[in-house]
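Presented below is the structure to which this report refers.
Number of protein chains: 4
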Amino acid sequence: MSQTGFHGVFPYLVSPVDAAGRVKDAVLARLADDLIGAGVHGLTPLGSTGEFAYLNRAQRHRIVEVVVQAARRRVPVVAGVAATTIADAVEQVKAYDALGVDGILGILEAYFPITEDGVVSYFTAMANATTLPVVLYTNPQFQRSDLTLPAIERLAGIDNIRYLKDASSDTGRLLSIINAVGDRIRVFSASAHIPACVMLIGGVGWMAGPACVVPRQSVQLYDLCRAGKWDGAMQLQRRLWRMNRIFAKYNLAACIKGGLELQGYAVGAPLPPQTALSEAGRAEIRSVLADLGALATTREVM
Amino acid sequence: MSQTGFHGVFPYLVSPVDAAGRVKDAVLARLADDLIGAGVHGLTPLGSTGEFAYLNRAQRHRIVEVVVQAARRRVPVVAGVAATTIADAVEQVKAYDALGVDGILGILEAYFPITEDGVVSYFTAMANATTLPVVLYTNPQFQRSDLTLPAIERLAGIDNIRYLKDASSDTGRLLSIINAVGDRIRVFSASAHIPACVMLIGGVGWMAGPACVVPRQSVQLYDLCRAGKWDGAMQLQRRLWRMNRIFAKYNLAACIKGGLELQGYAVGAPLPPQTALSEAGRAEIRSVLADLGALATTREVM
Amino acid sequence: MSQTGFHGVFPYLVSPVDAAGRVKDAVLARLADDLIGAGVHGLTPLGSTGEFAYLNRAQRHRIVEVVVQAARRRVPVVAGVAATTIADAVEQVKAYDALGVDGILGILEAYFPITEDGVVSYFTAMANATTLPVVLYTNPQFQRSDLTLPAIERLAGIDNIRYLKDASSDTGRLLSIINAVGDRIRVFSASAHIPACVMLIGGVGWMAGPACVVPRQSVQLYDLCRAGKWDGAMQLQRRLWRMNRIFAKYNLAACIKGGLELQGYAVGAPLPPQTALSEAGRAEIRSVLADLGALATTREVM
Amino acid sequence: MSQTGFHGVFPYLVSPVDAAGRVKDAVLARLADDLIGAGVHGLTPLGSTGEFAYLNRAQRHRIVEVVVQAARRRVPVVAGVAATTIADAVEQVKAYDALGVDGILGILEAYFPITEDGVVSYFTAMANATTLPVVLYTNPQFQRSDLTLPAIERLAGIDNIRYLKDASSDTGRLLSIINAVGDRIRVFSASAHIPACVMLIGGVGWMAGPACVVPRQSVQLYDLCRAGKWDGAMQLQRRLWRMNRIFAKYNLAACIKGGLELQGYAVGAPLPPQTALSEAGRAEIRSVLADLGALATTREVM
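Structure follows, in structure tokens:
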């Protein structure tokens with residue numbers, strides 16, 4: 002649980018895109034800047050919340066570029082690379098590396114089932130295409146391939162595969178991974194786990210969409226966990242969890258974008274045919290953000 | 002069950018791509034030509050077997066172009082359009098329409114769950130982008146969204162949505178669809194159904210990968226069904242089903258590509274990290290093709 | 002598709018039980034008698050529709066006894082035996098054999114996952130406990146174990162295991178079974194398959210709850226299929242399928258019991274905490290039964 | 002997290018039954034006595050590990066009787082009541098109440114899907130049949146019904162429904178339950194969760210099979226958690242988790258019975274057609290028990 006290397010709160014950034022398909026640079030840059038101001042430890046464009054699955058190559062590239070420039074090396078930027086083929090993954094890795102990111106979040110999309118050898122060859126090729134640290138990302142809820150423990154053990158032998166983010170809701174799986182390869186791979190939580198629990202069992206932080214709308218509270222929770230102040234941590238965790246569960250009821254990107262809109266960031270709705278947050282959803286999120294003091298941060302709409 | 006409109010056997014074409022990512026035009030054109038020679042009623046590039054999920058925009062475009070040119074209007078070409086966003090789907094529809102295809106096979110890819118309204122808006126936009134007939138395609142086994150009966154009923158109201166291909170293994174679902182919208186939507190089988198059963202209940206044919214390697218036998222089965230010669234149809238169907246089930250054990254693209262290689266088409270392996278057919282798989286497929294007299298068609302390797 | 006051995010339409014009988022837990026003998030006997038009068042080829046007490054999972058040993062025993070007596074050897078009675086342990090299964094088989102049943106429908110209930118060896122040993126022990134023919138029954142939708150093709154192939158070697166009823170909705174699975182062991186095992190359809198399709202591919206009939214409320218129409222469909230009159234068969238099948246799909250929307254036992262109540266059989270509701278058919282469900286079933294002419298058979302309520 | 006009421010480590014007792022179906026009283030009584038000697042806070046016969054799904058009424062009754070007598074009121078005995086019907090559940094509750102148990106672990110078995118109203122009526126009837134405290138038990142992995150949060154909220158209004166044991170692996174679900182009804186319902190962990198995490202978020206202990214073979218280590222972990230010594234707790238938790246995951250690879254009852262056999266308790270194998278632990282499984286469990294110092298407790302085989 003060292004403080005060197007990636008650690009702490011990495012918001013999964015939303016991807017604001019206008020009706021014509023253009024990335025809304027200014028609002029994205031302002032969001033990145035504000036999150037850094039709120040104390041987050043890193044930024045992750047092109048995670049699930051970032052709708053990587055809905056963006057074309059040019060949009061993805063521009064989003065990474067804007068975030069890297071906005072971050073100005075104050076915190077590390079770990080960009081998501083999702084692909085179905087090795088060729089596409091390697092190309093993206095090289096492109097984002099050239100843009101100046103600090104790490105790669107590796108995601109394997111699949112259509113047909115894929116063998117363990119196929120999974121290992123994909124992430125190995127991705128890691129070999131860069132000297133940057135790679136975070137393995139698995140989300141069995143939304144992705145059609147999964148990282149089994151044997152595959153993770155094989156990948157842990159690659160020098161620059163150094164982190165893992167698991168978005169299953171099975172926290173015991175994380176402890177099994179830490180037991181098996183915890184000396185070589187550090188584990189990040191996702192919004193489907195209780196971050197305080199993941200910190201307790203040896204995690205180093207979390208990469209998650211909700212941190213976009215409650216960055217200060219997230220950092221505070223991280224600090225309490227790091228300090229071993231578990232009673233205080235749980236008090237805060239309980240309140241934040243309420244929000245998490247509301248988010249889980251709706252399309253995640255629609256929720257985070259909806260919450261940011263309420264906070265004055267004109268990030269828009271998720272890309273069609275995804276639909277914007279319903280009125281009921283907006284009301285629920287407004288209420289929980291108000292309870293958490295997370296509407297008070299509102300600034301003027303751009 | 003009229004003979005006007007799309008009907009009969011539409012092989013799902015494989016997508017031969019070399020190690021540098023270039024489409025292997027000649028082998029694809031020869032395959033298309035030979036299939037037409039064997040009597041198939043249409044060609045479908047960019048279905049599941051066509052690895053649409055593994056190809057970039059340029060590769061997809063070239064494949065459709067090659068197939069349209071090879072077909073020389075002898076049979077209709079129905080090209081697969083798969084996307085997560087409406088914008089991308091519409092763009093592909095227009096591009097393939099301009100290339101001269103005769104119909105669009107519409108596929109919705111999803112990451113987050115999608116509402117029925119979202120599903121309907123996606124296929125509606127696709128249909129509105131062209132005057133060509135649209136085939137709805139749903140494959141609940143591999144895709145993260147599904148076409149429910151209420152969604153299909155709404156989509157049946159769009160003029161040029163005229164066909165559906167269902168790749169579930171639930172044949173009763175097809176009869177429910179025919180009962181509900183059979184006057185407006187014609188149903189194609191997939192390799193997960195028994196084609197003879199789908200013909201019996203009112204289907205108009207099948208779109209499937211295995212027809213690439215047994216085109217003549219597939220056409221013969223179709224003719225027997227059309228003629229109401231059910232005993233003969235079932236005799237042939239039982240033998241073909243054996244092959245289908247072997248294919249179901251392996252990655253479908255790997256199987257069809259492997260079978261075509263055995264028949265002398267240098268289509269190569271599926272795109273990495275998918276893996277080529279194993280030796281055991283090759284042996285099994287060689288044996289079943291030999292039984293069906295489908296190796297006798299072998300010509301020289303290109 | 003021989004006419005010797007079990008074949009044709011076997012209604013899955015409901016289990017009428019009063020509030021005190023007593024089997025309602027008279028209504029059950031009258032239903033059995035009327036079904037035989039309507040031409041069904043056999044009777045199956047204690048299938049899924051018979052709520053075997055909700056009845057204690059004494060209730061099960063009484064139900065089998067009443068049905069055997071009502072049948073008076075006019076048609077075969079095939080009684081369901083469901084258990085989690087071999088000991089319990091063997092005891093039930095012997096008890097029903099002593100009551101004079103003509104066959105056993107074998108069902109394996111499970112809590113923990115069970116190995117193929119465990120599955121095979123269970124059905125083997127059941128078959129060895131009697132000289133009666135055994136029907137293997139698998140319903141992957143509701144049961145926690147399934148009969149794989151390799152397990153079925155092993156069980157086909159047991160002399161008195163002679164039939165299989167599969168309640169998956171995957172009709173292709175039935176053809177694979179027929180291809181593999183069709184010379185030793187005859188296949189019955191369930192209400193999740195389209196009976197006409199199962200007849201086409203070589204099935205010998207169906208065991209299903211809906212036949213309780215539409216026995217004459219079911220027998221007519223069977224006769225059309227047997228005579229190879231597929232056009233007429235499909236015309237009738239389409240109308241019956243509409244009913245099947247309504248039934249699939251609700252608890253199956255509640256539906257069949259509700260339909261029988263509408264026809265004048267006071268069979269009551271399914272056992273609590275299962276709930277009776279809703280008013281909406283009753284209305285839907287009344288309408289479809291009227292369309293099929295299946296309310297015209299109504300007699301006075303007992 | 003009060004120490005009044007049920008709390009701490011409740012081993013899920015195995016059910017030793019001989020080949021003739023007789024409960025092995027002596028070995029069960031000795032195991033119960035030894036566990037109390039090791040410091041466990043309660044005993045739970047007839048949980049999942051106790052193979053409730055494989056035992057008939059007489060066997061279940063005898064097991065509860067033996068455990069109550071062996072406990073001699075030193076620790077509370079909470080007996081599992083599993084049924085598909087309300088009538089059966091109520092009968093069991095009354096019978097075990099009469100035998101002198103201290104609480105009821107309520108389990109709903111289902112075959113057909115069950116509505117929320119049905120679920121609520123089942124557990125309500127069970128609670129109304131006794132004045133003893135009731136523990137709701139849900140295990141979505143093995144049971145065909147689940148307790149949703151809305152159902153739990155309704156059941157929390159019943160006076161003597163006071164605890165819940167959740168055997169999903171989704172620890173966040175537990176925090177949602179605690180957030181919603183934590184003032185009225187106390188939460189126990191199961192072996193699918195990390196007990197230390199459940200203690201952190203406000204749980205009061207765990208009910209689990211593995212505690213049968215590592216009772217002292219389990220109590221030590223509980224004490225460390227209660228004392229807020231989280232570093233020490235996690236050190237121990239990591240070692241215990243390794244064991245948990247080995248158990249998860251095999252049939253749970255087979256594992257715990259196998260482990261107890263290694264410790265000198267002649268509890269036998271799970272009931273057929275379940276199979277005994279394989280040689281490989283025995284070796285793995287022997288090794289992990291040795292590592293944990295849990296073979297050193299071995300006494301002579303009875």
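Which chain is which? The protein sequence lines are A, B, C and D, in order.
Quick note, the first sequence lines up with residues 2 to 303 if you use the working numbering.
Quick note, the second sequence lines up with residues 2 to 303 if you use the working numbering.
Quick note, the third sequence lines up with residues 2 to 303 if you use the working numbering.
Quick note, the fourth sequence lines up with residues 2 to 303 if you use the working numbering.
By construction, the Cβ of each residue, glycine as well, lies at the ideal position given by its N, Cα and C atoms.
Only a predicted model underlies this, so the values are computations on that prediction, with no experimental measurement involved.
Where the alpha helix (DSSP H) containing residue i begins and where it ends
i                      : result
residue 29 of chain D  : 26 to 38
residue 271 of chain C : Unbroken run through residue 271 of chain C: none, as it is neither H nor E.
residue 253 of chain D : 253 to 263
residue 12 of chain A  : No alpha helix (DSSP H) contains residue 12 of chain A, which is instead part of the beta strand (DSSP E) from 9 to 12.
residue 1 of chain D   : Examination of residue 1 of chain D is not possible in this model, given that chain D is present from 2 through 303 alone.
residue 352 of chain D : Here chain D has residues from 2 to 303 only, and residue 352 of chain D is not among them.
residue 217 of chain D : 216 to 227
Proximity below 8 Å, CB of residue i to CB of residue j
i                      : j                      : result
residue 175 of chain C : residue 188 of chain C : yes
residue 6 of chain B   : residue 185 of chain B : no
residue 42 of chain A  : residue 81 of chain A  : no
residue 71 of chain B  : residue 39 of chain B  : no
residue 97 of chain D  : residue 49 of chain D  : no
residue 46 of chain A  : residue 65 of chain A  : yes
residue 237 of chain D : residue 253 of chain D : no
residue 93 of chain A  : residue 84 of chain A  : yes
residue 207 of chain B : residue 199 of chain B : yes
residue 105 of chain D : residue 131 of chain D : yes
residue 101 of chain C : residue 60 of chain C  : no
residue 227 of chain B : residue 259 of chain B : no
Cβ neighbours of residue i in the same chain (closer than 8 Å, five flanking residues each side left out)
i                      : result
residue 215 of chain D : 241, 244, 290, 293, 295
residue 165 of chain D : 136, 137, 138, 139, 148, 153, 178, 186, 187, 188, 189
residue 183 of chain A : 203
Cutoff 7 Å; reference residue i; Cβ partners in own chain excluding five residues on either side
i                      : result
residue 2 of chain A   : Interpretation of residue 2 of chain A is limited by its pLDDT of 40, a score under 50 that renders its predicted location unreliable; no figure is taken from the coordinates.
residue 44 of chain C  : 11, 12, 14, 33, 36, 68, 72, 76, 78
residue 179 of chain B : 188, 202, 203
First and last residue of the uninterrupted beta strand (DSSP E) at residue i
i                      : result
residue 106 of chain A : 104 to 109
residue 187 of chain B : 187 to 190
residue 123 of chain D : That residue, residue 123 of chain D, is in no beta strand (DSSP E); its alpha helix (DSSP H) goes 117 to 129.
residue 139 of chain C : 135 to 139
residue 202 of chain A : Run containing residue 202 of chain A: none; DSSP gives neither H nor E here.
8 Å contact criterion, which residue i and residue j should meet: CB distance rounded
i                      : j                      : result
residue 194 of chain B : residue 173 of chain C : 7 Å
residue 156 of chain A : residue 121 of chain A : 6 Å
residue 91 of chain A  : residue 127 of chain A : 7 Å
residue 136 of chain B : residue 158 of chain B : That belief does not hold up - the Cβ atoms of residue 136 of chain B and residue 158 of chain B are roughly 16 Å apart, past 8 Å.
residue 197 of chain B : residue 235 of chain B : 6 Å
residue 287 of chain C : residue 263 of chain C : 6 Å
residue 54 of chain D  : residue 112 of chain C : 4 Å
residue 133 of chain B : residue 160 of chain B : Going by Cβ atoms, the distance from residue 133 of chain B to residue 160 of chain B rounds to 11 Å, so no, they are not a contact pair.
Nonlocal neighbours in the same chain, by C-beta distance under 6 Å from residue i, ignoring five residues either side
i                      : result
residue 300 of chain D : With a pLDDT of 45 at residue 300 of chain D, under the threshold of 50, the modelled position of this residue cannot be trusted; read the value that follows with caution. Cβ neighbours of residue 300 of chain D beyond the five flanking positions: 265.
residue 257 of chain D : 15, 50, 210, 213
residue 285 of chain D : 247
residue 168 of chain A : 140, 191, 193
residue 63 of chain B  : 24
Any 3 or more C-beta pairs closer than 8 Å across the segment 100 to 116 of chain D and the segment 273 to 281 of chain C
Taking 8 Å as the limit for Cβ pairs, the verdict is that the segment 273 to 281 of chain C does touch the segment 100 to 116 of chain D.
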